[in-house]
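Encoded as C-alpha cells, the structure appears first; notes follow it.
Protein chains in written order, with this note's numbering: chain A, 4 to 254; chain B, 4 to 254.
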C-alpha cells in the first residue's frame, strides 16, 4: 500500500465545495474519479480542510492510498490528463509518496487562507467569481486594527456557522492581516484550524469596519458576546482562497 | 454634442475582439448597445486599439459622441448596470467628458500591453483563458536579452500578421521587458502603435528562446530577415492584456 500526497489547486465556481455531495459536483469526487481510472480501484481522498461552495484553493493538501505503485510524477501527470479530459477545474500541482502515518487532515499543523476584496465601483470582469466587490471606499488600516482583537485564543462562537460541527468554539488565531494593494484589500488568516465559516464571518465584520458602518471596537465586542446574532455580515465565498496547509518537518 | 471618453476592462474570452463583427459577439457591440439604451440614439464607439478574439483589456480607452448631456459618473453607472444585465464581461472603469478634438485612437501616443505566461506543468484552473501555460522551464533572463534586439525603430515584417492593414511595417518599439514572478513570466511591451499580431509574434519567438529552442541571437536574425516565414511561433491570444493607452497632457 502506498500513500500519495497531492497539492491541489481549483477554481471553486463549479463545485459544491471539497467534500463529496449527493446533489452536485465536488472536488473530492472529481479527483477520486480521476484517480480510480489511473490506479484501477476505488480510492478515498482526505484533504487538510473542507471548503464551501465557490471557495477556491491555491495549495490544498490531500492524500489517498493505493495498491498500485507508480512514480509520483507519472501519477500527477495522469491525474491532470484525466481531470482535463473530464473538463474539471482542478489541477494537481505536486504529488509525493508519504509514509502511512502522514495524514492530510490530522497531521496538518497550520492552515492559511486569503480573502480578496475588489474595492471598486465597476462590476468585475476578469475577476468575476474570484473576489468580493465592495463599491464603497474601504479603510484597510481600520480593518487591520479591528482584526487584531481576533488574534489569539478565543471562543469564536460569534464567527461560527450554526451548522459547525466542531466540539469546541475555542480556537487560536495566529494571524489576521489586512492590507491594501491598489484597488484590492487582501486579508490573510492563519491558524492551526478554523471553525466552519470563521474566515468569511471575520471578513464580513471587518468589511463593516472598512465601510465605516462599525467602529473598530465593535469587532472585539462581537467576539466577547459569543453570540452568532452579533455577527454583522458573512462575506461571500467567491473571495476566499485556501492558500496553504503546513506539516511538521516542512520548511 | 458631448464626447464621452471611457476606460474599459473586459474578459476577452467570450468576444471576437473589440471590433464589431457580423458573425459573433464583440466588445464594441456590447458597449454600443448598452449606450444606445442610455442615450436614446445610435452611437459609434472608437477605441485606442483593436484586439483579437480572446485578448483581454485592463484599461482600454474609447469614446463616443452623444446629443444627450449626462453627468459622466451617472453615465458610467448606467452603462455598467446595462452591461451587467446583458451578461456582458465588460466594465466601464471610468468616464469623463472630453473636448471634440480628443480621439481615443488618433490622439493616443502610447499603448502598453502585458503578456502573461504561466510556467508550470499543471493545467490552469483559476487562470484558464487568462494566461499561456508553458510546461518547460523558461529562461526569463535569456528572453529579456533576446527582446532587447527588438526595441527601437525597425521593419517588423517578420512579426506582422499577413492580414495586417498598416501602410508600413516600420514601427518604434519603446519597451519590451521580460521578468519572472514566481511561476509566471511577464512580458511588457510599449509603443506608440503596434502592427497586427506584433506582440503575440514577438512573445512567441521569445518563448522559443526561453525554452532553449532558439539561441538568443535568433530573434535579431528573424527581425533582420523581414520575412513572416522566419517567425517561430505566434503566442495564443489568452495571455495578452491591453493595459494602458496614453494621451498628451496625462501624467
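For each residue, glycine too, the CB sits at the ideal point set by N, CA and C.
With 16 other Cβ atoms within 10 Å as the buried cut-off, status of residue i
i, result
"residue 112 of chain A", "exposed"
"residue 224 of chain A", "exposed"
"residue 204 of chain B", "buried"
"residue 171 of chain A", "exposed"
"residue 1 of chain A", "Only positions 4 to 254 of chain A appear in the structure, and residue 1 of chain A is not among them; the question remains open."
"residue 245 of chain B", "buried"
"residue 159 of chain A", "buried"
"residue 134 of chain B", "buried"
"residue 44 of chain A", "exposed"
"residue 54 of chain A", "buried"
"residue 130 of chain B", "buried"
"residue 257 of chain B", "Residue 257 of chain B cannot be examined here, being either before or after the span of chain B that is shown, 4 to 254."
"residue 163 of chain A", "buried"
For residue i: DSSP bridge partner residues
i, result
"residue 245 of chain A", "A/60 and A/116"
"residue 7 of chain B", "B/67 and B/100"
"residue 145 of chain A", "DSSP output for residue 145 of chain A lists no bridge partner at all."
"residue 133 of chain A", "None, per the DSSP bridge assignment."
"residue 190 of chain A", "A/118 and A/181"
"residue 158 of chain B", "B/173"
"residue 13 of chain A", "A/60 and A/93"
Chain B residues whose Cβ lies nearer than 7 Å to that of residue i
i, result
"residue 14 of chain A", "128 and 129"
"residue 59 of chain A", "129"
Neighbourhood of residue i by C-beta distance below 7 Å, restricted to the same chain and skipping five residues each side
i, result
"residue 211 of chain A", "217, 235 and 236"
"residue 1 of chain A", "Since the first residue of chain A shown is 4 and the last is 254, residue 1 of chain A is not available in this structure."
"residue 124 of chain A", "138"
"residue 202 of chain B", "116, 118, 192 and 243"
"residue 247 of chain B", "62 and 115"
"residue 21 of chain A", "29, 30, 31, 50, 53 and 54"
Residues near residue i in its chain [Cβ-Cβ closer than 6 Å; skip 5 each side]
i, result
"residue 181 of chain A", "143, 146, 147, 150 and 190"
"residue 58 of chain A", "15, 240 and 243"
"residue 6 of chain A", "66, 68, 101 and 103"
9 Å Cβ cut-off: residues of chain B touching residue i
i, result
"residue 133 of chain A", "129"
Interface residues of chain A facing residue i [CB-CB closer than 9 Å]
i, result
"residue 243 of chain B", "The contacting residues do not exist; residue 243 of chain B stays about 12 Å from chain A at best."
Chain-ordered chain A contacts of residue i [CB-CB under 7 Å]
i, result
"residue 96 of chain B", "125"
For residue i, the nearest candidate out of the options (CA to CA)
i, options, result
"residue 258 of chain B", "B/227, B/123 and B/138", "Residue numbering for chain B in the displayed model covers 4 to 254; residue 258 of chain B lies beyond these limits and cannot be assessed."
"residue 127 of chain B", "A/93, A/75 and A/10", "A/93"
"residue 34 of chain B", "B/130, B/206, B/78 and B/238", "B/78"
"residue 30 of chain B", "B/199, B/4, B/49 and B/166", "B/49"
"residue 229 of chain B", "B/178, B/165 and B/187", "B/165"
"residue 253 of chain B", "B/101, B/184, B/12 and B/185", "B/101"
"residue 141 of chain B", "B/22, B/37, B/207 and B/74", "B/207"
"residue 23 of chain B", "B/185, B/178, B/97 and B/52", "B/52"
"residue 185 of chain B", "B/221, B/122, B/19 and B/213", "B/122"
"residue 175 of chain B", "B/169, B/76, B/19 and B/155", "B/155"
"residue 76 of chain A", "A/95, A/47 and A/19", "A/95"
Proximal residues to residue i (C-beta, below 8 Å), its chain only, five neighbours per side dropped
i, result
"residue 233 of chain A", "161, 224 and 225"
"residue 250 of chain B", "64, 105, 110, 111 and 112"
Distance cut-off 7 Å: residue i Cβ against heavy atoms of the ligand NAD
i, result
"residue 38 of chain B", "In terms of ligand content, the structure shown is empty, and the ligand NAD therefore cannot be addressed."
### Query
the region 64-94 of chain A: which residues have C-beta closer than 8 Å to a C-beta of chain C, in chain order?
This model lacks chain C altogether, as its protein chains are A and B.
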